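*Asks:* Take this structure, written in C-alpha cells, and hold onto it; I'll ask about it next.
There are 2 protein chains.
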Amino acid sequence: MDAETDDIQRNKHPAREADPIDRKILGVLVEDATISYAELGERVGLSPPAAHERVKRLKRSGAIRATSAIIDPRAVKKPLLAFVHIDTRGWGKTPELMAVSKYPEVEEMHTVAGDTCMLLKVRTEDTRALEGLLARLYDTPGVTSTRSYVVLSTYLERPVQPEITSEWPAPKHMATPMY
Amino acid sequence: MDAETDDIQRNKHPAREADPIDRKILGVLVEDATISYAELGERVGLSPPAAHERVKRLKRSGAIRATSAIIDPRAVKKPLLAFVHIDTRGWGKTPELMAVSKYPEVEEMHTVAGDTCMLLKVRTEDTRALEGLLARLYDTPGVTSTRSYVVLSTYLERPVQPEITSEWPAPKHMATPMY
DNA sequence: CATAATGGCCGAATTAAATTCCGTATCAAT
DNA sequence: ATTGATACGGAATTTAATTCGGCCATTATG
Numbered sequence: 001m002d003a004e005t006d007d008i009q010r011n012k013h014p015a016r017e018a019d020p021i022d023r024k025i026l027g028v029l030v031e032d033a034t035i036s037y038a039e040l041g042e043r044v045g046l047s048p049p050a051a052h053e054r055v056k057r058l059k060r061s062g063a064i065r066a067t068s069a070i071i072d073p074r075a076v077k078k079p080l081l082a083f084v085h086i087d088t089r090g091w092g093k094t095p096e097l098m099a100v101s102k103y104p105e106v107e108e109m110h111t112v113a114g115d116t117c118m119l120l121k122v123r124t125e126d127t128r129a130l131e132g133l134l135a136r137l138y139d140t141p142g143v144t145s146t147r148s149y150v151v152l153s154t155y156l157e158r159p160v161q162p163e164i165t166s167e168w169p170a171p172k173h174m175a176t177p178m179y
Numbered sequence: 001m002d003a004e005t006d007d008i009q010r011n012k013h014p015a016r017e018a019d020p021i022d023r024k025i026l027g028v029l030v031e032d033a034t035i036s037y038a039e040l041g042e043r044v045g046l047s048p049p050a051a052h053e054r055v056k057r058l059k060r061s062g063a064i065r066a067t068s069a070i071i072d073p074r075a076v077k078k079p080l081l082a083f084v085h086i087d088t089r090g091w092g093k094t095p096e097l098m099a100v101s102k103y104p105e106v107e108e109m110h111t112v113a114g115d116t117c118m119l120l121k122v123r124t125e126d127t128r129a130l131e132g133l134l135a136r137l138y139d140t141p142g143v144t145s146t147r148s149y150v151v152l153s154t155y156l157e158r159p160v161q162p163e164i165t166s167e168w169p170a171p172k173h174m175a176t177p178m179y
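Printed below as a string of C-alpha cells:
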C-alpha cells in the first residue's frame, strides 16, 4: 500500500474519480472552508464523520491542494494588478528568469503558446514598483521585450471552480468538427 | 459605532493599517488556514485568544475576504488554462459580455489598459470546451476579436501574498524619476 | 498633572467541534 | 453463496474554539 501511495504522489493523479458528492464538497469548501463538518455533511447529505472522511481523502489525493485565506490586495497595499508578457531570445525558461518568482509581487508564471514566451501576473503597490519589477526583468539575460497589461477594474476573480459547463450554446454558423 | 461599521463597509478600507503582527498572521493563513489558533498564536507570538481576536478583526475589516479550499484543476477535469484577450467595438463592459462570468470556467475578468478591452482567465476540460467558450464570446454583441494564450506549463500560481518587496535592485542605466 | 477610558492581551473556564472507534450495510470479485 | 473492501452512521473521546474577567499600557480628558 505504500507503493500505491507513492504512485499517487508521482503521477499526481487523483486516486479515483471525484464522484458527485465529492464535487459538491469541493463546491462548498471553495466558497467557505471554515464551516464545521456537521454543516458540510448536512449540505451534501452525509454524517459529520463521513464528510470528514471524504475531505481527508480529497486532501490525501491532492484534489484539495491547500486551504488558504484569501486576502484583499488593498489591505496589504497592492492595489495595482498587471499581466506582463515576456518575449525572450531562445528558450525562455532559464533559471535566471525563474528566479523572479521569489518576489511576492509575482503571483503567477506560465509559459504560453502564441506570440509570447512567458506570462506573469503581478500585483504591486504602485506603478513605481511595477517599473522596478520590469527593470529587474530587463536585467535578466535573454529577455528581449515585455508588454504589460495594467488592470483597470477587476470584475471577477475567484479560485478554481469544481463545476463544469456540460453544454455550450452551439453557435448557428459553426461546422461540426470531426473530433 | 454602527455608523463607523457602515463606513468601513462602504469605503472598503481596512479600519486600521495592518500592523506587522497582522502581516505575519496573513502570511501564515495564506499558506495554511487549517492550523489551530494555538499554533497560529505561537508562530506570531500571541496567546490563542489574542490570535483569534486578530483574525476576527481581519475578517471583519475585509482584509481576509474568505477562506477557501484550493483545488487541483486536474482533479476537476480542467487541465487546460488560457488567457483570452477580447477586443470590442465601443465600450466593452456590456451586460451581455459580463454574463460570461456565469460560466464556472471563467475565473477572472478584468478591463485592462493597452491594446485590449478585456482580459479573461479561463480553465476548461479541453480545447473543445475552450472553443465553445470562444464561440459564445463571438456571439456576444460588440465583440470584434479575441486572442487566446494557451498555457503550456504553469510554474507559479499562488494567492495574494502579504509581503512586499521594499527595495528593487536598481538597474544601472535608469534615470531617477522626479516622483 | 492626575485620571478616566480605551484597546489589546493573557489565563482559566466553558462550549463546540474534530476525531476516533466500532458495528453495519452495500457492492464487487471470487 | 462467501469473502473482502469500502463507505457510512452513531456514540464516545479528545482537542480546539470561544467566552469571560482581570490586568496593563497607551491615549484622551478634566
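These protein sequences, in sequence, are chains Y and A.
Sequence positions in the first sequence follow the UniProt record's numbering and run 1 to 179.
Sequence positions in the second sequence follow the UniProt record's numbering and run 1 to 179.
Yeah, the Cβ is synthetic: ideal placement off N, Cα and C, and Gly gets one too.
Since the structure is predicted, the reported quantities are computational estimates derived from the model, not experimental observations.
So what's Ala166 (chain A) in DSSP terms, helix, strand or just coil?
*Replies:* By one-based count along the second sequence, residue 166 (chain A) stands at place 166. Reading off the sequence shown, one finds Ser at residue 166 (chain A), where the question assumed Ala. Of the three classes helix, strand and coil, the one that applies to Ser166 (chain A) here is coil, per DSSP.
*Asks:* Could you tell me if Ala113 (chain A) is buried or exposed, where buried requires 16 or more neighbouring beta carbons within 10 angstroms of its beta carbon?
*Replies:* Mapped onto the second sequence, residue 113 (chain A) falls at position 113. Exposed.
*Asks:* I'd like to know if Leu40 (chain A) contacts chain Y, where contact means its C-beta is closer than 8 Å to some C-beta of that chain.
*Replies:* Position 40 of the second sequence, counting from 1, holds the residue named residue 40 (chain A). For Leu40 (chain A), the answer is no, since every Cβ of chain Y falls outside 8 Å of its Cβ.
*Asks:* Along chain Y, which residues have their Cβ under 9 Å away from the Cβ of Arg123 (chain A)?
*Replies:* Here residue 123 (chain A) corresponds to residue number 123 of the second sequence, with the count starting at 1. Under the 9 Å cutoff, chain Y gives Val160 and Gln161.
*Asks:* For Asp87 (chain Y), which of helix, strand or coil comes out of DSSP?
*Replies:* On the first sequence, position 87 is the one that residue 87 (chain Y) refers to. DSSP places Asp87 (chain Y) in strand when its eight states are reduced to three.
*Asks:* When you compare the CB positions of Ile70 (chain A) and Ile64 (chain Y), do they come within less than 8 Å of one another, or not?
*Replies:* Here residue 70 (chain A) refers to the residue found at position 70 when the second sequence is read from its first residue. Here residue 64 (chain Y) refers to the residue found at position 64 when the first sequence is read from its first residue. In this structure, Ile64 (chain Y) lies closer than 8 Å to Ile70 (chain A) by Cβ.
*Asks:* Helix or strand or just coil, what does DSSP make of Thr111 (chain A)?
*Replies:* Along the second sequence, one-based indexing puts residue 111 (chain A) at 111. Strand, per DSSP.
*Asks:* Is Ser145 (chain A) closer than 8 Å to Asp72 (chain A) when the C-beta atoms are compared?
*Replies:* For the purposes of this step, residue 72 (chain A) is identified with residue 72 of the second sequence, where counting begins at 1. For the purposes of this step, residue 145 (chain A) is identified with residue 145 of the second sequence, where counting begins at 1. Not in contact: Asp72 (chain A) and Ser145 (chain A) (Cβ atoms no closer than 8 Å).
*Asks:* In this structure, what does DSSP give as the bridge partners for Met118 (chain Y)?
*Replies:* The count along the first sequence starts at 1 and reaches residue 118 (chain Y) at position 118. Y:Ile86 and Y:Thr111, per the DSSP bridge assignment.
*Asks:* Would a C-beta distance cut-off of 8 Å place Gly41 (chain A) and Ala33 (chain A) closer than the cut-off?
*Replies:* As a first step, residue 41 (chain A) must be located in the second sequence, where it is residue number 41. As a first step, residue 33 (chain A) must be located in the second sequence, where it is residue number 33. Their beta carbons are not under 8 Å apart, which means Gly41 (chain A) does not touch Ala33 (chain A) by this criterion.
*Asks:* Less than 8 Å between CB atoms is the rule here; does His110 (chain A) satisfy it with respect to chain Y?
*Replies:* For this step, residue 110 (chain A) is matched to residue 110 along the second sequence. At least one chain Y Cβ lies under 8 Å of His110 (chain A).
*Asks:* Whose CA, out of A:Ala170, A:Val122 and A:Ala175, lies closest to the CA of Leu137 (chain Y)?
*Replies:* Against the first sequence, residue 137 (chain Y) aligns to sequence position 137. Residue A:Ala170 is the option with its Cα nearest to Leu137 (chain Y).
*Asks:* In chain Y, what lies closer than 8 Å to Glu96 (chain A) by C-beta?
*Replies:* Locating residue 96 (chain A) in the second sequence gives position 96, where the first residue counts as 1. None at all; the shortest Cβ gap to chain Y is about 13 Å.
*Asks:* What does Arg123 (chain Y) pair with, by DSSP beta-bridge criteria?
*Replies:* Here residue 123 (chain Y) is taken as the residue at index 123 of the first sequence, counted from 1. For Arg123 (chain Y), which the question treats as bridged, DSSP gives the partners Y:Leu81.
*Asks:* Please look up how many angstroms separate the CB atoms of Val55 (chain Y) and Ile35 (chain Y), rounded, as I've assumed it's under 8 Å.
*Replies:* As a position in the first sequence, residue 55 (chain Y) is number 55, starting the count at 1. As a position in the first sequence, residue 35 (chain Y) is number 35, starting the count at 1. Between Ile35 (chain Y) and Val55 (chain Y) the Cβ distance is about 11 Å, and since that is not below 8 Å, they are no contact.
*Asks:* Put Glu42 (chain A) into one of helix, strand or coil per three-state DSSP.
*Replies:* Residue 42 (chain A) sits at position 42 when you count from the first residue of the second sequence. In the structure shown, Glu42 (chain A) sits in a helix (DSSP, three-state: H, G or I).
*Asks:* Write down the C-beta distance between Val150 (chain Y) and Ala66 (chain Y) rounded to the nearest angstrom, noting that I regard them as a contact closer than 8 Å.
*Replies:* One-based indexing of the first sequence puts residue 150 (chain Y) at position 150. One-based indexing of the first sequence puts residue 66 (chain Y) at position 66. Contact doesn't hold; Cβ gap of about 29 Å is too wide.
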